[in-house]
Amino acid sequence: PPPPATKKALTLEHRRLMWDRLDAHDLFIYAEDDIGITLAHLSAWLSETRRLATRRYMVGFMRYERALLFGPTLNGRGGIAYDAGRLQHGARSERVVWEHAPASLHVLRLGGELYYQPETVHHGMWIANRKQLLSIQSRCHQLMTRPCDVERYSRGRERLFAAGELYSCGASSMVIPVERVASHLVHHLPDKNWYSRSRGRCLWAEESLLSHSRRVVERCRGPAPGACVEQRRYQRLVPGPNRTFDCAAAGLTPVAEYTNGSMPGPQGKPPRPSARRSG
347 PPPPATKKAL TLEHRRLMWD RLDAHDLFIY AEDDIGITLA HLSAWLSETR RLATRRYMVG
407 FMRYERALLF GPTLNGRGGI AYDAGRLQHG ARSERVVWEH APASLHVLRL GGELYYQPET
467 VHHGMWIANR KQLLSIQSRC HQLMTRPCDV ERYSRGRERL FAAGELYSCG ASSMVIPVER
527 VASHLVHHLP DKNWYSRSRG RCLWAEESLL SHSRRVVERC RGPAPGACVE QRRYQRLVPG
587 PNRTFDCAAA GLTPVAEYTN GSMPGPQGKP PRPSARRSG
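Structure below.
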């Protein structure tokens, strides 16, 4: 058992358990309890891994959420207080990707196929086969069996290391197929993190991501393949109360375009138009 001081770094202990059973299984899957991974995701991963046929790159996923277009309910601290029942009762929503933007998806050509190499690799899960874990163990300082560094991991970033360190430790980089990106979207079930990116001002809907991917394919296979990536400044900053977020500069769509020109109201309802007095 892990020592008492492990604290939240307990989420990393799955590595040692998997390593102890390395010869008993062909595939290994780690996922947080709010990730909607399905058999279809496993099938997509298997097909793409066979197609990629290299240990230098590992196939990954992007998280999406269902965004209520009139905004979520906020709590007293200004944070999100999401009511899942509203989606179940037919409230209008949009599947959105909130951890990526056009400028943060770099394009690679591998074996005649186009792949995104995202700047953000954390997506709450990973899938790897035995050969990949052996490579990671040998090239990443015994990552699968290394004792947890509590000082390093227990600072609110435990989940980021648990789900993303396999892609960032130097053994393999995460890639996602451009033409089959729809099969590599995994549902982040809380459906609440998208709002904090820009305080509900803008989003990147799934259809916009797919349209962007089609444009990437056209550019990369056209007469000037060097123009694959749109040169935009990727905004990592999550805006605070006194900062603004430029949706267009980030390559995202203003929420107002989805709500007939009105922005989300503070309590999850569209703002009411002001009453006009008759003359």
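Every number in the working numbering is 346 more than the matching position in the sequence shown, counting from 1.
Glycine is no exception: its CB is placed at the ideal position from the N, C-alpha and C atoms.
Note that the coordinates shown come from a computational prediction; the quantities given were computed from them, not determined experimentally.
Complete runs of the beta strand (DSSP E) confined to the segment 446 to 506 [at least 3 residues]:
451 to 456, 459 to 464 and 471 to 475
Can you give the Cα-Cα distance for Asp366 and Ala413, rounded to whole angstroms?
For this step, residue 366 is matched to residue 20 along the sequence shown. For this step, residue 413 is matched to residue 67 along the sequence shown. Spanning the two alpha carbons is a distance of roughly 40 Å.
Taking just the CA atoms, how far does Arg402 sit from Ala602?
The sequence position of residue 602 within the sequence shown is 256, counting from 1. The sequence position of residue 402 within the sequence shown is 56, counting from 1. Distance between the alpha carbons of Ala602 and Arg402 is about 42 Å.
Per DSSP, Tyr403 forms a beta bridge with which residues?
Mapped onto the sequence shown, residue 403 falls at position 57. Ser519.
Range of the contiguous beta strand (DSSP E) that encloses Val442
On the sequence shown, position 96 is the one that residue 442 refers to. Its beta strand (DSSP E) spans residues Ser439 to Val442.
Val527, enclosing beta strand (DSSP E) - first and last residue
Within the sequence shown, the letter at position 181 stands for residue 527. Neither: Val527 is in no beta strand (DSSP E) and is coded neither H nor E.
Please name the residue in Val521, Leu555, Glu378 and Phe374 whose C-alpha comes closest to that of Leu479.
What you label residue 479 is simply residue 133 of the sequence shown in a count that begins at 1. Closest option to Leu479, Cα to Cα, is Phe374.
Which first and last residues belong to the alpha helix (DSSP H) in which Ala386 is found?
The residue labelled residue 386 in the question sits at position 40 within the sequence shown. Unbroken alpha helix (DSSP H) run through Ala386: Leu385 to Leu398.
Confirm, please, whether the CB-CB distance from Glu378 to Gly470 is below 8 Å.
Taking the first residue of the sequence shown as 1, we reach residue 470 at position 124. Taking the first residue of the sequence shown as 1, we reach residue 378 at position 32. A contact, by the Cβ cut-off of 8 Å.
Report back the beta-carbon spacing between Gly406 and Met520 to the nearest angstrom; my notes put them in contact at under 8 Å.
What you label residue 406 is simply residue 60 of the sequence shown in a count that begins at 1. What you label residue 520 is simply residue 174 of the sequence shown in a count that begins at 1. So it is a contact: roughly 4 Å between Cβ atoms.
Spatial distance of Trp540 from Pro523 (CA atoms)
Numbered from its first residue, the sequence shown carries residue 540 at position 194. Numbered from its first residue, the sequence shown carries residue 523 at position 177. Cα to Cα, the separation comes out at about 23 Å.
Give me, in chain order, the residues of the same chain whose beta-carbon lies closer than 7 Å to that of Arg409; leave out the 5 immediate sequence neighbours on both sides.
Along the sequence shown, one-based indexing puts residue 409 at 63. If we look at Arg409 and ignore the five residues flanking it on each side, its Cβ neighbours are Glu445, His469, Gly470, Val532 and His534.
Which class does Glu603 belong to by DSSP, given the choice of helix, strand or coil?
For the purposes of this step, residue 603 is taken as the residue at position 257 of the sequence shown. DSSP places Glu603 in helix when its eight states are reduced to three.
Can you tell me the Cα-Cα spacing of Ala528 and Thr400, whole angstroms?
As a first step, residue 528 must be located in the sequence shown, where it is residue number 182. As a first step, residue 400 must be located in the sequence shown, where it is residue number 54. Taking the straight line joining both Cα atoms gives about 22 Å.
Tell me where the alpha helix (DSSP H) around Leu555 begins and ends.
Within the sequence shown, residue 555 is the residue found at index 209, counting from 1. Leu555 -> alpha helix (DSSP H) spans Glu552 to Cys566.
Check for me: the beta strand (DSSP E) holding Leu373 runs from which residue to which?
Translated into positions along the sequence shown, residue 373 becomes position 27. It spans Leu373 to Ala377 - the beta strand (DSSP E) in which Leu373 sits, taken as one unbroken run.
With a threshold of 6 Å on Cβ separation, who are the neighbours of Glu465 within its own chain once the five nearest residues in sequence on each side are excluded?
As a first step, residue 465 is located in the sequence shown; it is residue number 119 there, counting from the start. Only Ser450 meet the Cβ criterion.
Cys548 bridges to which residues according to DSSP?
Residue mapping note: residue 548 aligns to position 202 of the sequence shown, counting from 1. Bridge partners of Cys548: Pro600.
With DSSP as the reference, please indicate the residues paired to Gly382 in a beta bridge.
Here residue 382 refers to the residue found at position 36 of the sequence shown. According to DSSP, which records beta bridges pairwise, Gly382 is partnered with His533.
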